[in-house]
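Enquirer:
Printed below as a string of structure tokens:
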């Protein structure tokens, strides 16, 4: 088991490696992959806002991540070429932010119009886009812009059971892997998984550890049904959320095959540890396997507890142990 200091140094080294260098041979260099991946990230952890006070309006795209995943946010910034990465003093949640109206119109909107958002965040994006185009329109006076934006601002409430218009291509019904794949690309799903997915090890039945893969959402049932079709894992309805989740070994093997060498952020490190331990677990006799997987569980928890500043310096690390 790695020491706290050793683990922190390892995380810092991994974080500062250029993601494009670590996967140069296995990931497409085509910007289309990045753009679809980015849409998946935004569908998972992005938000669109426009606000106004006394005729002054501001726009913001924000992508949130734990500060230990600065690698992902700086990758977004480097690929788009604009925006900023912000880490608060407490070091908890870092953000990629894009506020400049011209940059939004020139760099962001073309991507999101080319590759549509698949979740209900499309609704907020549509309002955000309209607001950006109004502010960018040099033919409108300040008063005209303010009037149009004020009206737009009253439309922010998400309609009940809203579905992204992208799903109309399959008539808002996903009944097969083919249907799902028409709408949902692999780069999008990789990005969405980096934002919303969880690879972890947990106890089952009280006396053994198993590998789990889970994605949960409070909204967007259609999205999770499509993911369940593509990954061939169960879709479940819980009391307050929807989920795709599995711990079945044959399905975990499929998950590993699907995501290997595909991720850009620190989730790739979590996945690597998780998938390797799944393959190695059978090498241990039952009496030692429990201890081995307990240590891997600790390692993954410790990784997630690390917080960094904008210079990749570890500023907080809460050690956790299952013992």
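Numbering (the UniProt record's numbering), first residue to last: 1 to 323.
We put the CB at the ideal spot given by N, CA and C, even for glycine.
In this text the structure is predicted, and so the values were computed from the model without any measurement.
Look at the alpha carbon of residue 284 and the alpha carbon of residue 273, and state the distance between them as a whole number of angstroms.
Expert: For residue 284 and residue 273, the distance between alpha carbons rounds to 16 Å.
Enquirer: Could you pull the start and end residues of the beta strand (DSSP E) that residue 283 belongs to?
Expert: No beta strand (DSSP E) contains residue 283, which DSSP labels as neither H nor E.
Enquirer: Is it buried or exposed for residue 51, if we count other Cβ within 10 angstroms and need 16 for buried?
Expert: Flag for residue 51 reads exposed.
Enquirer: Taking only runs of the beta strand (DSSP E) that begin and end inside the stretch 49–85, which ones reach a length of at least 3 residues, in chain order?
Expert: Those beta strand (DSSP E) runs which fall completely within the stretch 49–85 and span 3+ residues are 56–66.
Enquirer: Considering only residues of the same chain and omitting the five flanking positions on each side of residue 102, which have a CB-CB separation below 8 Å?
Expert: These residues qualify, in order along the chain: 136.
Enquirer: Out of 225, 216, 254, 262, point me to the one whose CA is closest to residue 240's CA.
Expert: Considering only alpha carbons, the answer is 216.
Enquirer: Go ahead and pull the three-state DSSP assignment for residue 313.
Expert: DSSP places residue 313 in coil when its eight states are reduced to three.
Enquirer: In whole angstroms, give me the CA-to-CA distance for residue 306 and residue 238.
Expert: If I take the Cα positions, the gap works out to 31 Å.
Enquirer: Here's the rule: buried if 16 or more other CB atoms are within 10 angstroms of the residue's CB, otherwise exposed. What is residue 314?
Expert: Buried, since its Cβ has 16 or more Cβ neighbours within 10 Å.
Enquirer: DSSP three-state call for residue 322: helix, strand or coil?
Expert: Because residue 322 sits at a pLDDT of 48, beneath the cut-off of 50, its placement in the model cannot be relied upon, and the following sentence gives the value as read from the coordinates. Residue 322 falls in the coil class under three-state DSSP.
Enquirer: Which runs of the beta strand (DSSP E) spanning at least 3 residues fall entirely within the stretch 75–152, listed in chain order?
Expert: 84–86, 93–98, all fully within the stretch 75–152.
Enquirer: Which of the three DSSP states, helix, strand or coil, is assigned to residue 26?
Expert: Any reading at residue 26 must be qualified, since the residue scores a pLDDT of 41, below 50, and its modelled position is unreliable; no value is offered.
Enquirer: Taking just the CA atoms, how far does residue 83 sit from residue 163?
Expert: Each residue's alpha carbon lies about 29 Å from the other.
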